[in-house]
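The block underneath contains the structure these notes are about, expressed in C-alpha cells.
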Amino acid sequence: MTGPTTVPEPDAPHVKTVLRLAATMQRHALLLSVPLGIAAVALGGVLRGTPGLVGALIGVVLGLAAGLITTLVMRGTARTSPAGVMIGAMTSLAGKILLLMLFLVAFRGTTLFDNRVFGFALLAVTVGWIAGEVIGFVRAKAPVLDL
1 MTGPTTVPEP DAPHVKTVLR LAATMQRHAL LLSVPLGIAA VALGGVLRGT
51 PGLVGALIGV VLGLAAGLIT TLVMRGTART SPAGVMIGAM TSLAGKILLL
101 MLFLVAFRGT TLFDNRVFGF ALLAVTVGWI AGEVIGFVRA KAPVLDL
C-alpha cells in the first residue's frame with residue numbers, strides 16, 4: 001500500500017531567474033576577484049613583508065566572504081517573493097557593513113598586520129567582485145519582467 005503522493009508546488013517564475021543570476025554573477029565575480037586577491041597578497045608580502053602579507057590575506061578573505069554572502073543570500077531567498085529577495089539583499093548589505101565596521105574598530109591601531117595593505121587588498125577584491133557581478137548580470141540576460 002502506498003501513501004498519498006504529493007506533487008511539489010511549481011516555483012514562481014522569478015525563482016529560476018534569481019538562481020541563474022546568482023550562479024552567473026558569482027562565477028564572473030570569482031573569475032575577477034580571485035586573481036586580484038592573489039596579486040594583492042603577493043604584492044603585500046613583497047612590498048611590506050610579513051605584516052603586509054597578513055594584512056592582504058585578511059583583506060582578501062573578508063572581501064571574498066562579503067561577496068559570497070550576497071550570492072548565497074540571493075540563492076537562499078530565491079523562493080520567496082521578489083520583495084523578499086530584495087529585503088534579503090539589503091539586509092545582507094547592512095550586515096556586511098556592520099561587521100566590517102566592527103572589525104575595523106576591533107583592530108584599530110593593530111600591529112598584527114599592515115592596515116594600508118589590508119585596505120588596498122579589501123578594496124581590490126571588492127571592486128573586482130562588484131565588476132564581476134555586473135558582467136555576470138549583463139551576460140545572464142535576465143528578463144526585466146518575469147511574468
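Here the sequence shown is numbered in the numbering used here, starting from 1 and rising by one per residue.
By construction, the Cβ of each residue, glycine as well, lies at the ideal position given by its N, Cα and C atoms.
Three-state secondary structure assigned by DSSP to residue i
| i | result |
| --- | --- |
| K141 | coil |
| V127 | helix |
| F120 | helix |
| F103 | helix |
| A78 | coil |
| R48 | helix |
| A39 | helix |
Nearest to residue i (by Cα), restricted to the options the options
| i | options | result |
| --- | --- | --- |
| V122 | G49, A106, A39, S92 | Note on identity: in this sequence residue 122 is Leu, with Val being the wrong assignment. With distances taken between Cα atoms, L122 lies closest to A39. |
| Q26 | T70, D114, M86 | T70 |
| N115 | T24, V60, A12 | V60 |
| T91 | F137, L72, L19 | L72 |
Same chain, Cβ closer than 7 Å to residue i, five either side skipped, listed in chain order
| i | result |
| --- | --- |
| L64 | S33, G37, V125 |
Residues near residue i by beta carbon distance below 8 Å, same chain, minus five either side
| i | result |
| --- | --- |
| L68 | Q26 |
| V41 | L53, A56, L57, V60, A121 |
Cut-off 6 Å between Cβ atoms - residues of its own chain near residue i, not counting five sequence neighbours on either side
| i | result |
| --- | --- |
| W129 | A29, S33, G67 |
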